[in-house]
Amino acid sequence: MSASPLSSRTTTLVNESLRPVPADQRKLGFTDYLALWGSLGVGLLVMQAGALLIPALSGVGAAGAVAIGTIGGTLLLAWVGYLGSRSGVSSAGLIWSALGKRFAMLPIALNVLQLIGWAVFEIVVLRDGLGAIAKHAASPLNASLLTVIAGAVLVGLLTLSMVGVVRQFIRRVGLWLMLIALVWLTIRFIHDATPAMLTAPGKGGLAFAAAVDLVIAMPISWIPLVADYTRYGRSPSAAFGGTFIGYGFANAWCFLLGILIAASHPGADLMPTILQASFGALALALILIDETDNGYSDLYSAAVSSHSLVPKWSVRVWGPVLGVVATILALVLPIQNYQDFLYLLGSVFVPLFGVVIAHHGFHPRTPDQTSVSLSWVGAVAWIVGIALYQYITRYQPQWGASLPSLVVSFVLYRLFARWSPEASNPAVQGGVAR
Numbered sequence: 019m020s021a022s023p024l025s026s027r028t029t030t031l032v033n034e035s036l037r038p039v040p041a042d043q044r045k046l047g048f049t050d051y052l053a054l055w056g057s058l059g060v061g062l063l064v065m066q067a068g069a070l071l072i073p074a075l076s077g078v079g080a081a082g083a084v085a086i087g088t089i090g091g092t093l094l095l096a097w098v099g100y101l102g103s104r105s106g107v108s109s110a111g112l113i114w115s116a117l118g119k120r121f122a123m124l125p126i127a128l129n130v131l132q133l134i135g136w137a138v139f140e141i142v143v144l145r146d147g148l149g150a151i152a153k154h155a156a157s158p159l160n161a162s163l164l165t166v167i168a169g170a171v172l173v174g175l176l177t178l179s180m181v182g183v184v185r186q187f188i189r190r191v192g193l194w195l196m197l198i199a200l201v202w203l204t205i206r207f208i209h210d211a212t213p214a215m216l217t218a219p220g221k222g223g224l225a226f227a228a229a230v231d232l233v234i235a236m237p238i239s240w241i242p243l244v245a246d247y248t249r250y251g252r253s254p255s256a257a258f259g260g261t262f263i264g265y266g267f268a269n270a271w272c273f274l275l276g277i278l279i280a281a282s283h284p285g286a287d288l289m290p291t292i293l294q295a296s297f298g299a300l301a302l303a304l305i306l307i308d309e310t311d312n313g314y315s316d317l318y319s320a321a322v323s324s325h326s327l328v329p330k331w332s333v334r335v336w337g338p339v340l341g342v343v344a345t346i347l348a349l350v351l352p353i354q355n356y357q358d359f360l361y362l363l364g365s366v367f368v369p370l371f372g373v374v375i376a377h378h379g380f381h382p383r384t385p386d387q388t389s390v391s392l393s394w395v396g397a398v399a400w401i402v403g404i405a406l407y408q409y410i411t412r413y414q415p416q417w418g419a420s421l422p423s424l425v426v427s428f429v430l431y432r433l434f435a436r437w438s439p440e441a442s443n444p445a446v447q448g449g450v451a452r
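The numbering of the sequence shown is the numbering used here, which starts it at 19 and goes up by one.
Structure below.
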């Protein structure tokens with residue numbers, strides 16, 4: 019008899035990433051997700067992405083792109099979060115059901131790689147921020163030492179319980195540090211911006227639809243891991259609402275703050291500009307403390323996905339190991355072409371989750387309801403979506419690639435599913451009945 023997709027050939031080794039979380043372990047509620055995703059929506063990387071919109075677009079045009087991109091991207095993020103909460107399975111489990119238990123290993127492995135990449139970015143941001151504060155205080159520190167310190171903090175957090183980190187650190191500490199820093203920076207830089215700066219026409223070089231794509235890339239980058247957290251939610255509606263409101267509010271705020279800084283200080287680097295503001299070093303320090311949960315979240319989800327592929331190692335083992343790997347990469351790799359990195363991620367995961375959403379709808383299936391090794395319906399819809407995304411980005415950037423590729427993948431899956439018995443089976447709700 020073949021082994022169950024949820025366990026190894028032994029009776030003691032269980033793949034926790036693909037098994038629904040038991041009801042007694044689902045402890046997170048609306049305020050937990052509001053704090054978690056409000057905190058994860060804040061970051062220097064988001065502000066830097068916002069600064070990329072100026073001066074290519076006017077301030078009004080950039081704000082419009084932020085509004086459209088944030089609402090669209092965050093709705094998709096919250097939808098997948100809802101699926102995770104209702105099914106109780108991880109993001110890897112949702113992908114497994116949609117693509118088949120063998121073919122799903124490809125996007126799950128890509129997800130691990132991209133999450134390690136995001137963690138490297140976060141470690142570099144922490145390093146550069148700490149270095150800028152030290153330099154501002156006339157006490158420069160070695161960059162390699164700061165990289166190791168940032169990595170060590172993340173590795174330490176990864177040895178702890180995820181639910182505990184969310185409730186004790188993010189909800190009680192990180193959220194409030196974020197609010198204090200953002201309120202102060204907003205008040206500070208709004209005085210430097212004049213109406214003329216914000217209404218000046220854009221200089222071109224970035225189409226409005228491409229700007230929307232750049233904004234959507236931020237919430238989309240979290241979609242491959244959102245279910246890793248919402249699977250611990252007590253209520254799917256609370257998980258959806260907390261994720262949508264928390265992330266949407268924070269993401270829009272940080273994008274707009276980046277636009278404000280870029281408009282009032284054209285051509286200036288973000289971190290030095292923040293440091294030059296009154297109490298700028300303190301505000302930057304608070305943001306960096308909050309930034310640690312972004313790196314932690316990337317590595318935790320990378321551990322969950324890695325465990326789904328190699329269940330011999332638990333999530334608690336995978337987390338610190340991947341933290342060390344990310345730290346080493348941050349020491350040796352140059353981090354460049356940030357905007358290109360975001361577009362590359364979008365080309366893979368936007369159409370992928372068009373397929374996942376089309377497969378699950380509002381009634382997610384669990385991995386043990388999937389018997390096929392390869393769902394040709396999901397594979398074809400995903401590959402066509404990636405090709406369309408790449409074509410639009412390269413040849414028709416004024417169209418914007420995210421929404422067309424997601425819609426095409428979604429529609430193709432629903433059409434092809436009519437000829438596939440496996441894909442067209444009625445969706446059965448997984449997890450615990452509510």
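Heads up, the beta-carbon is just placed ideally off N, CA and C, and yes, glycines get one too.
Endpoints, alpha helix (DSSP H) assigned at residue i
i: P254; result: 254–282
i: R145; result: 123–154
i: D42; result: Premise fails: D42 is in no alpha helix (DSSP H) and is neither H nor E.
i: P290; result: 288–294
i: N312; result: 298–327
i: A235; result: 226–248
i: F434; result: 420–434
i: W437; result: Per DSSP, W437 belongs to no alpha helix (DSSP H) and is neither H nor E.
i: F48; result: 48–58
i: A199; result: 193–208
i: R334; result: 333–350
i: V398; result: 394–413
i: G213; result: First, the amino acid is wrong: residue 213 is Pro here, not Gly. Per DSSP, P213 belongs to the alpha helix (DSSP H) from 213–217.
i: S103; result: 77–105
i: A74; result: Taken as a continuous stretch (DSSP letters only), A74 belongs to no alpha helix (DSSP H), as it is neither H nor E.
i: W417; result: First-last for W417: undefined, no H or E at that position.
i: T165; result: 161–176
i: L36; result: Per DSSP, L36 belongs to no alpha helix (DSSP H) and is neither H nor E.
i: S115; result: 109–117
i: Q66; result: 62–69
Cβ neighbour criterion (16 or more within 10 Å) applied to residue i
i: P40; result: exposed
i: Y265; result: buried
i: D311; result: buried
i: A156; result: exposed
i: G412; result: Reading off the sequence shown, one finds Arg at residue 412, where the question assumed Gly. It counts as exposed.
i: M19; result: In this prediction, M19 scores a pLDDT of 39, lower than 50, which makes its location untrustworthy; the coordinate-derived value is nonetheless stated afterwards. Under this definition M19 is an exposed residue.
i: N269; result: buried
i: W55; result: buried
i: H209; result: exposed
i: W136; result: buried
i: S420; result: buried
i: Q132; result: buried
i: W437; result: exposed
i: G61; result: buried
i: L288; result: buried
i: L163; result: exposed
i: G379; result: exposed
i: I292; result: buried
Check whether residue i and residue j have beta carbons under 7 Å apart
i: W271; j: L203; result: no
i: V130; j: S323; result: yes
i: M218; j: S282; result: Before going on, a small fix: residue 218 reads as Ala here, not Met. In this structure, S282 does not lie closer than 7 Å to A218 by Cβ.
i: A110; j: S319; result: no
i: D50; j: R189; result: yes
i: M196; j: D308; result: yes
i: G341; j: L302; result: no
i: D116; j: H377; result: Sequence inspection shows Ala at residue 116; the Asp mentioned does not correspond to that position. It is a contact, given that the beta carbons lie within the stated cut-off.
i: G182; j: L52; result: no
i: P254; j: S103; result: yes
i: F258; j: Y431; result: no
i: T384; j: P237; result: no
i: L274; j: V138; result: no
i: I263; j: L95; result: no
i: I134; j: A435; result: no
Supposed contact pair residue j and residue i - C-beta distance, whole angstroms, cut 8 Å
i: I375; j: V98; result: 7 Å
i: A127; j: R145; result: 27 Å between Cβ atoms; not a contact.
i: G77; j: M215; result: 7 Å
i: W400; j: L370; result: 6 Å
i: A299; j: I151; result: 5 Å
i: G337; j: L176; result: 3 Å
i: S423; j: G403; result: 4 Å
i: I72; j: A280; result: 4 Å
i: I234; j: G90; result: 6 Å
i: L172; j: Y314; result: 6 Å
i: L148; j: L349; result: That belief does not hold up - the Cβ atoms of L148 and L349 are roughly 15 Å apart, past 8 Å.
i: L224; j: A74; result: 4 Å
Neighbour flag for residue i against chain B, beta carbons, 7 Å
i: R252; result: Although the question refers to chain B, the structure presented lacks it and comprises just one protein chain.
Notebook entry, point to check: How about the segment 80–87 and the segment 241–252: do they share at least three Cβ pairs that are nearer than 8 Å?
Noted result: No: fewer than three Cβ pairs fall under 8 Å.
Check: Contact between the segment 115–123 and the segment 391–409: three or more CB pairs below 8 Å?
Finding: Touching, yes, given that three or more Cβ pairs across the two stretches are closer than 8 Å.
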